[in-house]
Amino acid sequence: MRQVWIRANGTVPDDIRVHQYLLGYASDMNFLPVALQPHGIGFLEKGIQIATIDHSMWFHRPFNFNEWLLYSVESTSASSARGFVRGEFYTQDGDLVASTVQEGVMRNHN
């Protein structure tokens, strides 16, 4: 499991669509590497290849990306060169604002 606090680097305009697409972009950062953690492998190691197969996101309620959000990510499966991860974004008050899932290819060419 990995938990990180994130917010926009700069001021985001008052348009929920902008907040959503920025959070969508940010949701892919360091997502799939969480599936490598149980194997003691970092995604920057020589010979490691990871690529997204699919990535989905659901927005549950409005949020402000100018404020801190907690991104909690866990991997429930990592085997046969595939990794599956899911994540949740929470406000500082603990409200769930978005959920994510991703499956990816993970290969060690060493």
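In this note's numbering, the protein residues as written are 324 to 433.
Glycine is no exception: its CB is placed at the ideal position from the N, C-alpha and C atoms.
Model, not experiment: these values are computed from the prediction.
Beta-carbon proximity of residue i to residue j, cut-off 9 Å
i: Ile371; j: Gly406; result: no
i: Met324; j: Ser350; result: no
i: Arg384; j: Asp416; result: no
i: Arg430; j: Ala404; result: yes
i: Val424; j: Val408; result: yes
Nearest-angstrom beta carbon gap, residue j and residue i [assumed within contact, 8 Å]
i: Trp391; j: Arg340; result: At roughly 21 Å, the Cβ-Cβ gap does not stay under 8 Å, so Trp391 and Arg340 are not in contact.
i: Ala421; j: Phe382; result: 5 Å
i: Asp377; j: Glu411; result: With a Cβ gap of about 18 Å, Asp377 and Glu411 do not count as contacting.
Through-space distance from residue j to residue i, alpha-carbon basis
i: Thr334; j: Asn353; result: 23 Å
i: His362; j: Pro356; result: 11 Å
i: Glu368; j: Gln360; result: 12 Å
i: Ile364; j: His432; result: 12 Å
i: Val327; j: Asp338; result: 24 Å
i: Tyr413; j: Asn332; result: 18 Å
Own chain, CB closer than 7 Å to residue i, minus 5 neighbours either side, in chain order
i: His342; result: Val335, Phe386, Asn387, Phe388
i: Phe366; result: Pro356, Leu359, Ile373
**Asked** Taking one C-beta from the stretch 395 to 408 and one from the stretch 337 to 346 each time, how about it: are there three or more such pairs within less than 8 Å?
**Response** no
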